[in-house]
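What follows is one structure encoded as structure tokens, with my remarks underneath.
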Amino acid sequence: MKVVQIAGFLGSGKTSILLEASSKISQIYKKRVALVVNEIGDVPVDAKVIEVAGMKVKEIAGGCICCELGPSLAASLVDLADYFKPDLVLIEPTGVAIPDQVKVAIAMSTRDTDAEIEIGPVIVLYDAFRVDELLENETVNNFIMRQVLNADVVAISKVDLVDEERIRYCERMIRGINTRALIIRLSVVRGDGMDELIRILLEPGGTPIGGRVG
Ligand SMILES: Nc1nc2c(ncn2[C@@H]2O[C@H](COP(=O)(O)OP(=O)(O)OP(=O)(O)O)[C@@H](O)[C@H]2O)c(=O)[nH]1
Ligand SMILES: [Mg+2]
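Per our numbering, numbering through the sequence shown is continuous, rising by one, with the last residue being 237.
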């Protein structure tokens, strides 16, 4: 079971991207995907909420499931591994989570299950549409900086809403913080970057080698 977190500040597009990616991965690559979100109510899918091993779970497209994070991420991952046996788990941490701390929590789960758990790259969404507004606030700016610093892949999100100049500006900001992360461009609305993201999610093992920009 491979576990990947898709972090990013509040409203950066995490849930939208998780749903899009999981439905493609299950349909095209026939993999079992489980999403772990904070609030199952945020997932705009008309499905009944059931309870499995104390977790709130919804069945979503293509045999994928979505579950609400319980009090412990590690415990939720162990339950998923034991009950659902997904190939891939995509985690949406809260918008103010620090990816390195989430990584520690994922690592803890490996102690309590016989399932093999592999930790994938840290993907951080960077909201191209709201970047100026977000960076203006010092606290928010600090969170975003820490997230970008911890990222293996920074995905500039909502590129359909901005022009090329704005995207380049985001790329420079990201490179100023993290010189090694792979930077990609994403739009759920238009589909930009989705194939690349899926390739990264399915890549076996470690961290993709980055450095396409700058
Ligand atoms: N135009 C456009 N809108 C997007 C895109 N991705 C997400 N959105 C919109 O951005 C808003 C926030 O998206 P979510 O997917 O809920 O973002 P989130 O990061 O999960 O938000 P929180 O869980 O509240 O932190 C929604 O209104 C989405 O429809 C995109 O690529 N393009
Ligand atoms: Mg969300």
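We put the beta carbon where it would ideally sit given N, CA and C, even for glycine.
- Task: Give every residue whose Cβ lies closer than 6 Å to any heavy atom of ligand 2, listed in chain order.
- Result: LYS37, THR38, ASP65 and GLU115
- Query: Which term fits VAL99, buried or exposed, when burial requires 16 or more other beta carbons within 10 angstroms of its beta carbon?
  - Reply: By one-based count along the sequence shown, residue 99 stands at place 76. Strictly speaking, residue 99 in this sequence is Ser, with Val absent from that position. SER99 sits buried, since 16 or more C-beta atoms from the chains shown fall within 10 Å of its C-beta.
- Message: For the alpha helix (DSSP H) containing GLU187, name the first residue and the last one.
- Response: The residue you call residue 187 lines up with position 164 of the sequence shown. Membership of GLU187 in the alpha helix (DSSP H) is indicated by the continuous run 187-200.
- beta strand (DSSP E) segment containing ARG208, residue limits: For the purposes of this step, residue 208 is taken as residue 185 along the sequence shown, with counting starting at 1. That run of the beta strand (DSSP E) goes 205-208.
- Item | Closest by C-alpha distance to VAL163, when choosing among GLN124, GLN28 and SER35 | Here residue 163 refers to the residue found at position 140 of the sequence shown. Ranking GLN124, GLN28 and SER35 by Cα distance to VAL163 puts SER35 first.
- So does GLY34 have its beta carbon nearer than 7 Å to some heavy atom of ligand 1? Reading the sequence shown from its first residue, position 11 is the one you call residue 34. It does: the Cβ of GLY34 is within 7 Å (strictly closer) of some heavy atom of ligand 1.
- Message: According to DSSP, LEU113 sits in a beta bridge with which residue or residues?
- Response: The residue you call residue 113 lines up with position 90 of the sequence shown. The partner list for LEU113 (beta bridge, DSSP) reads VAL27 and LEU58.
- Message: I want to check one thing, is the minimum distance from the CB of GLY216 to the heavy atoms of ligand 1 below 7 Å?
- Response: By one-based count along the sequence shown, residue 216 stands at place 193. Distances from the CB of GLY216 to the heavy atoms of ligand 1 are all 7 Å or more.
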